[in-house]
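J.:
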Ligand SMILES: Cc1cc2nc3c(=O)[nH]c(=O)nc-3n(C[C@H](O)[C@H](O)[C@H](O)COP(=O)(O)OP(=O)(O)OC[C@H]3O[C@@H](n4cnc5c(N)ncnc54)[C@H](O)[C@@H]3O)c2cc1C
């Protein structure tokens, strides 16, 4: 197998075997995406003597999306939820890491094309490119709201949140016009977790930081089109989550649809307007567009209509896992777009590739659902487990903490996050309240001798 770079038709064709190995591998596997699904697939093939794996991602890090809301609300720092992909595979000689943007796949030629002009050849491809924010075409949503899907989104949102307080401290009159009103669109776990966390941040943490204003005047408004939060949870958990949010001062607008995001705030379909400088969009995701671009068969939700073993029908050398795949649960229903589905799918694809290499038939995938959880803040969470068991309150919160620690990549990260949570819990002095990406609109007139008392 050629190892050097080959010039072809104006592009640099790079065989996936860029890393020297002692044995010549027989199969080139390219894994697109270093998220939950891609990592699980590459890890499943690490040490597979018949394969060399190249894991490709546009970022050089893996993001632990379930904790992004804590970055946005200053509970955790960037490094707590992101991990270098090279560090993850440093001890796996048959896995190479490539940072780059996939732009196309030539299925007949078995090549992936990157934005930097390079081409990677594969024998087997695992597509785990995930999903992206879905704005559903709501006017103003894409331009004026803050999505929370990537690490950069979370840092931008954190900066915006803190900047609003800086602006209100300089000119408290801005509060009347929505400077400290934070509207979260969506009622799923991310929206609920962010709402609860922001309410705690305002009420208990940054309250101590400001002198002229009372940060407790900040409003968190959650707008959800269904008549409940956490629609995919059991009724008891839904009620508990709504009660706990309300107890923390979150204003719930349920059964309410957003009509438009305007410069002054949110316009609802009822005609009501909520003046708000900051609108967070957490209303849904859509699968990555790469599958459609490549011409893979899609189902009604835009996910790839995979065969039962997660391969593409008619293309046994292409597997699709995670949010991009329309995979199935044990009862035959469509599996949700959740981390455990992606992890199980990635592991399954790796196992099937090993079976193919051994000349054995592949096996069907069935998502094994162990339950779902969401936290609403300190000592408040809900968990819907198997056999109809639902937990809430402190027990569910502890279970949530343990589970999220377990899923974090790396022992050091787990220790750091555990320490950070313990610090936050006991001191109410959350860590990284840093504005890293400021917008240029803080009012200029900031007298240096502001009164030390809170505004009236
Ligand atoms: C804010 C948030 C909170 C969440 N909370 C939870 C939770 O609490 N529990 C839960 O189970 N699930 C949660 N989810 C869902 C869960 O994160 C996803 O289901 C899971 O990440 C899907 O894994 P994946 O591997 O398919 O995609 P991802 O993990 O999104 O990985 C896709 C990877 O592909 C890369 N990529 C995409 N396109 C390209 C390209 N063209 N070129 C190169 N690289 C590319 C991306 O950079 C990314 O690293 C949450 C999601 C979000 C956004």
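Numbering (the working numbering), first residue to last: 22 to 477. All residues carry an ideal CB built from backbone N, CA and C; glycine is no exception.
#1: Using a 10 Å radius around the Cβ and a threshold of 16 neighbouring Cβ atoms, would you call residue 7 buried or exposed?
#2: Pick helix, strand or coil for residue 252, following the three-state DSSP scheme.
#3: Within the continuous alpha helix (DSSP H) that includes residue 376, where are the two ends?
#4: What are the start and end residues of each continuous beta strand (DSSP E) run of 3 or more residues lying completely inside the segment 141-218, in chain order?
#5: Please tell me whether, using a cut-off of 7 Å, the distance from the CB of residue 234 to the nearest non-hydrogen atom of ligand 1 is below it.
#6: According to DSSP, is residue 340 helix, strand or coil?
#7: Only counting the same chain, and skipping five residues up and downstream in sequence, which positions put a Cβ closer than 8 Å to that of residue 267?
#8: Check this for me: beta carbons of residue 308 and residue 330, under 8 Å apart or not?
#9: Can you look up residue 288 in the DSSP assignment and give me helix, strand or coil?
#10: For residue 90, is the beta carbon positioned less than 7 Å from some heavy atom of ligand 1?
#11: Cα separation between residue 362 and residue 350?
#12: With a threshold of 7 Å (Cβ to nearest heavy atom), would residue 170 be considered close to ligand 1?
#13: Decide if residue 87 is buried, meaning its Cβ has at least 16 other Cβ atoms within 10 Å, or exposed.
#14: Is it right to say residue 184 is buried, meaning 16 or more other beta carbons lie within 10 angstroms of its own, or is it exposed?
#15: By how many angstroms is the C-alpha of residue 209 removed from the C-alpha of residue 194?
#16: Considering only the alpha carbon of each residue, which of 82, 449, 134, 245 lies closest to residue 279?
#17: I'd like the span of the beta strand (DSSP E) that includes residue 99, first residue to last.
#18: Does the beta carbon of residue 150 fall short of 7 Å from some heavy atom of ligand 1?
#19: Given that a residue counts as buried once 16 or more other Cβ atoms are within 10 Å of its Cβ, and exposed if not, what is residue 223?
#20: Taking the continuous beta strand (DSSP E) assigned at residue 452, which residues delimit it?
#21: Under three-state DSSP, which class holds residue 427?
T.: This is what the structure holds:
#1: Residue coverage of the chain in this structure runs from 22 to 477, which leaves residue 7 outside it and unanswerable.
#2: The residue given as residue 252 occupies position 231 in the chain shown. Residue 252 falls in the coil class under three-state DSSP.
#3: Start at 1 with the first residue of the chain shown, and residue 376 comes out as number 355. Unbroken alpha helix (DSSP H) run through residue 376: 360-378.
#4: 145-148, 152-154, 202-206
#5: Start at 1 with the first residue of the chain shown, and residue 234 comes out as number 213. Every heavy atom of ligand 1 is 7 Å or more from the Cβ of residue 234, so no.
#6: Within the chain shown, numbered from 1, the residue matching residue 340 stands at position 319. Note: residue 340 maps to strand in three-state DSSP.
#7: Translated into the one-based positions of the chain shown, residue 267 becomes position 246. Only 273 meet the Cβ criterion.
#8: The residue you call residue 308 lines up with position 287 of the chain shown. The residue you call residue 330 lines up with position 309 of the chain shown. Their beta carbons are not under 8 Å apart, which means residue 308 does not touch residue 330 by this criterion.
#9: Indexing the chain shown from 1 puts residue 288 at position 267. In this structure, residue 288 counts as strand in the three-state DSSP scheme.
#10: Taking the first residue of the chain shown as 1, we reach residue 90 at position 69. Indeed, a heavy atom of ligand 1 lies less than 7 Å from the Cβ.
#11: Position 341 of the chain shown, counting from 1, holds the residue named residue 362. Position 329 of the chain shown, counting from 1, holds the residue named residue 350. Their Cα atoms are separated by approximately 9 Å.
#12: Residue 170 sits at position 149 when you count from the first residue of the chain shown. Yes, since a heavy atom of ligand 1 falls inside the 7 Å radius drawn around the Cβ of residue 170.
#13: As a first step, residue 87 must be located in the chain shown, where it is residue number 66. Under this definition residue 87 is a buried residue.
#14: If you number the chain shown from 1, residue 184 lands on position 163. Under this definition residue 184 is a buried residue.
#15: Start at 1 with the first residue of the chain shown, and residue 194 comes out as number 173. Start at 1 with the first residue of the chain shown, and residue 209 comes out as number 188. Using only the alpha carbons, I get a separation of about 33 Å.
#16: On the chain shown, residue 279 is found 258 positions in, with the first residue counted as 1. For the residues 82, 449, 134, 245, the minimum Cα distance to residue 279 belongs to 245.
#17: Your numbering for residue 99 matches position 78 in the chain shown. Element bounds for residue 99: not the beta strand (DSSP E) but the alpha helix (DSSP H), 99-102.
#18: Stepping through the chain shown from its first residue, residue 150 is reached at position 129. It does: the Cβ of residue 150 is within 7 Å (strictly closer) of some heavy atom of ligand 1.
#19: To locate residue 223, count along the chain shown from 1; it is residue 202. Flag for residue 223 reads buried.
#20: For the purposes of this step, residue 452 is taken as the residue at position 431 of the chain shown. First-last for residue 452: undefined, no H or E at that position.
#21: The residue given as residue 427 occupies position 406 in the chain shown. Residue state, collapsed to three classes: helix.
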